[in-house]
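Number of protein chains: 2
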Amino acid sequence: MARLIEELRKLPGIGSKNAQRLAFHILRSNGEDAEALADAIRNLKAKLQLCSNCNNITDVDPCVYCASPTRNQRLVCVVEEPTNIATIEKTRSYNGVFHVLHGTLSPLHGVGPEHLRTGNLLARVSRGDVDEVILATSPTVEGEATAGYLADMLRPARVRVTRIATGVPAGSDIEYADEVTMSRALEGRREM
Amino acid sequence: MARLIEELRKLPGIGSKNAQRLAFHILRSNGEDAEALADAIRNLKAKLQLCSNCNNITDVDPCVYCASPTRNQRLVCVVEEPTNIATIEKTRSYNGVFHVLHGTLSPLHGVGPEHLRTGNLLARVSRGDVDEVILATSPTVEGEATAGYLADMLRPARVRVTRIATGVPAGSDIEYADEVTMSRALEGRREM
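Protein chains in written order, with this note's numbering: chain B, 21 to 212; chain E, 21 to 212.
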C-alpha cells in the first residue's frame, strides 16, 4: 500500500492526501478494474512509440496522420510537442501532416539544436517529399529562435518555409494588445 | 455639497462613498486647486474638438499627427476609438497617420454605417492623398464587419487596403490559442 501511494504521488498534481485517496479507491474496487488500470499503464509504455516519419506519439508506425491517404502529405506543420497537434486539429482547417520537434531551442536550459528531433524532417524535405513546411512553434523567445534555426536549416533544400501569424487574437479588443503583438500585427498586415 | 457629490458619482468607477471623499477633499483643499480643477473640466469640453481631417480628439485642428511633417501622410491607419491611437503609438514602429471611426458597425445596437465617421476618410482617399489604408479595427465580430464594410467602401477608389494580422499573441504558447485564432494564424502564415 505504501509503495502504491508513493508511486501515485509522483504524478503531477497528486499530493500525499490525494495519493492516499486513490490508493484506497483502488483497494476497494474490484480486481478487474485494478488489473485493467495496471495493464493500461504498462501498455502505454510498452506499445507507444514515436512515428519514424514525424516523431508523433503513436501505437502504429507510421502514425495515423503520416498513413492517411486523404491528407496532404506534402504540407508539413512543425510543432514543439505532440499535444500541439491537438491544438491544430481542433481548428478543423488544416489538412496536411505534422512533424514534432519534442522541444525548443533554449540555450539557458542547455537545449541545443542537437536535442531537437530534426533529422527525419530534413530527410523528408531533402527527398523532395515536401512542398511547404509551416513552422508552428510558439511566438515565444524559444519558439522564435527554433523557427529561425529551422528556416536556416531548410534553406539549402529550397522548400517553401512559412511561419504562422503573430497578431491580435480573434475576438479580442486591440486596446488589450501589448506593444510587441500590436507591432507584429501591423507588420504582418495583409491585403484585403 | 450634495450637488457636487451627485455630479462626481456620475463618473465611471466612482461610487457614493468615493464621491463623498472626493467632495470633502475639494472642500479642504485651497481655493486655487479647486478653481484649477473646475477650469480644466470646463476647458476640456470647450476647447477639445475633432480633427477635421482624421476625427482624432485634439485642441488644435488639424491634430498633431495630421500636421506632422515627419509622418507619412499617405499611410492611414483606421481605428475604432481615439484611445486606440495610443495602443498603436506605443509600438514605436508606426510612422503613418490615423483615422478615427468613433465606433464600429453593430446592427444589434442600432449602429449602422451612417453612424461611423467615414466621410473625411473617403474624401482623403478620393483626392488621391493616400497610398495605403490599414484597417486596425479589433478582430471582434463588430470590428471585422466594420473592416469588411470599409474595404468595400474604398474598393472603387483603387487604394491599397490592408488588415492587421490576427494570430497567436507574441510571447504566448500556441497550446493556449483558441480554434479561431489558431486557424487564422495558419491561414495568415507568411514566407520566412
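Every residue gets a Cβ at the ideal spot worked out from N, C-alpha and C, and that includes glycine. Since the model is a prediction, treat every value here as computed from it, not as a measurement.
Beta-bridge pairing of residue i - partner residues as DSSP gives them
i	result
B:Val98	B:His119 and B:Leu155
E:Leu70	E:Ile77
E:Asn140	Its beta-bridge partners do not exist; DSSP assigns none.
E:Thr186	B:Val188
E:Val181	E:Val153
E:Asn92	E:Gly116
E:Arg41	Per DSSP, none; premise fails for E:Arg41.
E:Arg147	Looking at the DSSP assignment, E:Arg147 forms no beta bridge with any residue, so it has no partner.
B:Ser36	According to DSSP, B:Ser36 bridges with nothing at all.
E:Ser126	E:Val131
E:Arg210	B:Arg183
Within chain E, the residues that residue i reaches when beta carbons sit closer than 8 Å
i	result
B:Thr186	Ala185, Gly187, Val188, Pro189, Ala190 and Ala205
Burial state of residue i (16 or more Cβ within 10 Å)
i	result
B:Ile61	exposed
E:Val84	exposed
B:Val188	buried
B:Val80	exposed
E:Arg48	exposed
E:Tyr114	buried
B:Ser88	exposed
E:Glu101	buried
E:Leu128	exposed
E:Thr103	exposed
B:Pro32	exposed
B:Gly116	buried
B:Thr90	exposed
Chain-ordered neighbours of residue i on chain B, where CB pairs are closer than 8 Å
i	result
E:Ala197	Thr107 and Pro189
E:Pro89	Correct list: empty, because the minimum Cβ distance to chain B is about 22 Å.
E:Thr138	Result: empty, since nearest Cβ-Cβ is about 16 Å, beyond 8 Å.
Neighbouring residues, chain B, relative to residue i (Cβ below 7 Å)
i	result
E:Ile34	Near E:Ile34 there are no residues of chain B at all, since even the closest Cβ is about 21 Å away, more than 7 Å.
E:Pro133	Per Cβ cutoff of 7 Å: no residues; E:Pro133 is ~17 Å from chain B at best.
E:Pro82	What E:Pro82 touches in chain B: nothing, since even the nearest Cβ is about 23 Å away.
Within chain E, the residues that residue i reaches when beta carbons sit closer than 7 Å
i	result
B:Ala156	Ile194
B:His78	It should be noted that the sequence gives Thr, not His, for residue 78 of chain B. Those within 7 Å of B:Thr78 in chain E number zero; the least Cβ separation is about 20 Å.
Residues that residue i contacts on chain E, provided the C-beta gap is smaller than 9 Å
i	result
B:Thr166	Under the 9 Å cutoff, chain E gives no residues; its nearest Cβ is about 12 Å from B:Thr166.
> Taking a cut of 9 Å between CB atoms, which residues from the stretch 199-211 of chain E lie near chain B?
Replying inline: Glu199, Val200, Thr201, Met202, Ser203, Arg204, Ala205, Leu206, Glu207, Gly208, Arg209, Arg210 and Glu211
>> Output needed in chain order: residues of the stretch 169-182 of chain E with a Cβ under 8 Å from some Cβ in chain B.
In response: Of all residues in the stretch 169-182 of chain E, Ala171, Arg180, Val181 and Thr182 have a Cβ within less than 8 Å of some Cβ in chain B.
>> Quick test of the definition: if touching needs 3 or more C-beta pairs under 8 Å, does the stretch 117-125 of chain E touch the stretch 69-83 of chain E?
In response: yes
> Looking at chain B, which residues of the stretch 102-127 of chain E have a Cβ within less than 8 Å of any of its Cβ atoms?
Replying inline: Thr103, Asn104, Thr107, Ile108, Lys110, Thr111, Arg112, Ser113 and Tyr114
> Would the stretch 89-98 of chain E and the stretch 148-160 of chain E be scored as touching if the rule is three or more Cβ pairs under 8 Å?
Replying inline: Yes, the stretch 89-98 of chain E is in contact with the stretch 148-160 of chain E.
>> Between the stretch 170-177 of chain B and the stretch 199-210 of chain E, can you find at least three pairs of beta-carbon atoms closer than 8 Å?
In response: no
> Using 8 Å as the threshold, is the stretch 159-170 of chain E in touch with the stretch 155-173 of chain B, meaning 3 or more CB pairs across them?
Replying inline: no
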